[in-house]
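Protein chains in written order, with the working numbering: chain A, 6 to 215; chain B, -10 to 14.
These notes concern the structure reproduced below.
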Amino acid sequence: MGCIPTKLAKHTPGYEDPTVLASETSFSVCEVEALYELFKKLSHSIFKDGLIRKEEFQLALFKNSKRKNLFADRIFDLFDIKRNGVIEFGEFVRSLNVFHPDTPTEEKIAFAFKLYDLRHTGYIEREELKEMVFALLDESGLHLSDDVVEVIVEKTFSQADSKGDGRIDPDEWKEFVSQNPALLKNMTLPYLKDMTMVFPSFAVNSELDE
Amino acid sequence: QPAAMNAFELISMSKGLNLANLFDS
């Protein structure tokens, strides 16, 4: 499916040239344009300023703009590369590129490590893992006793913390993920491959913007 | 058998990590 460059269309603040973004990512120019349609939709869902804010991100993920979630917060913070509280278009495309089926596994492993390194210490600590397990249980409305959570975390650490220093470093993480590839399942979005075929309406809309 | 689960496997099920939802919005 072809697409027409949208040079004449009005763009939101933080807009970047699709040819530049395509050159830096696994997306084609057409796919970047299709992503721009998705971005516009998300960034106009509440504040209509062309920037994705936390509430808009939560609305898209949970159909509820007030739904706080530790993991959505972490994803939002990693997408917000400039750390200014909003996701701009270029940040959106570059970050989603990590989830592209053609992106090397090493990049996905590194992204997942950053995601779980809650306090940016360069390690995944036992307390962080426990906090994440409790957050997941809370989100799912499940209750497990502290003892059970402790067993789950302990068992995971016994497998992942091969150096036995009580924390998981990037090398240990890489090794652990290679033994448990299912852990990276949510780091790949099949939708991102040939976006314009999966979302033909986005491509059509980008042409109508002309 | 939740105790048999890998903690990372458990947390990877979070809806907050399921970005496919961005496309359904």
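All C-beta atoms, glycine included, are put in the ideal place defined by N, C-alpha and C.
Exercise. Does Val138 (chain A) get closer than 9 Å to chain B when you measure Cβ to Cβ?
Worked result: By this cut-off, Val138 (chain A) is an interface position.
Problem set entry | Inter-residue spacing [alpha-carbon to alpha-carbon] between Ala187 (chain A) and Pro106 (chain A) | For Ala187 (chain A) and Pro106 (chain A), the distance between alpha carbons rounds to 14 Å.
Exercise. What does a CB cutoff of less than 7 Å around Glu21 (chain A) pick up in its chain, not counting 5 residues either side in sequence?
Worked result: Within the same chain, Glu21 (chain A) has close Cβ partners Phe94 and Gly95.
For this session: With 9 Å as the threshold, decide whether the Cβ of Val37 (chain A) is near any Cβ in chain B.
Result: Chain B, which has no Cβ nearer than 9 Å to the Cβ of Val37 (chain A), makes this no.
Exercise. How should Thr24 (chain A) be labelled, buried or exposed, when 16 other C-beta atoms within 10 angstroms of its C-beta is the threshold for buried?
Worked result: Looking at its Cβ environment, which holds fewer than 16 other Cβ atoms inside 10 Å, Thr24 (chain A) is exposed.
For this session: Within its chain, find whatever has a CB closer than 6 Å to the CB of Leu123 (chain A); leave out the 5 residues flanking it on each side and keep chain order.
Result: These residues qualify, in order along the chain: Glu133.
Exercise. Out of curiosity, what's the CA-to-CA distance linking Leu75 (chain A) and His125 (chain A)?
Worked result: The alpha-carbon atoms of Leu75 (chain A) and His125 (chain A) are separated by roughly 15 Å.
Exercise. Would you say Glu65 (chain A) faces chain B, with C-beta separation under 9 Å as the test?
Worked result: It is Ala, not Glu, that sits at residue 65 (chain A) in the sequence shown. So, interface residue.
For this session: Would you mind stating whether Leu120 (chain A) and Leu83 (chain A) have Cβ atoms separated by less than 9 Å?
Result: Cβ atoms of Leu120 (chain A) and Leu83 (chain A): closer than 9 Å.
Problem set entry | Simplified DSSP assignment, three categories, for Ile129 (chain A) | Look at Ile129 (chain A) here: in three-state DSSP terms it is strand.
Exercise. Should the region -7 to 0 of chain B be called in touch with the region 155 to 166 of chain A, which here means at least 3 C-beta pairs below 8 Å?
Worked result: Flag = yes, the region -7 to 0 of chain B and the region 155 to 166 of chain A touch.
For this session: Output the boundary residues of the alpha helix (DSSP H) element that contains Pro23 (chain A).
Result: Counting along the chain, the unbroken alpha helix (DSSP H) around Pro23 (chain A) starts and ends at Pro23 to Glu29.
Exercise. Which value, in whole angstroms, describes the spacing of the CA atoms of Glu130 (chain A) and Asp199 (chain A)?
Worked result: Straight through space, the alpha carbons of Asp199 (chain A) and Glu130 (chain A) are spaced by roughly 38 Å.
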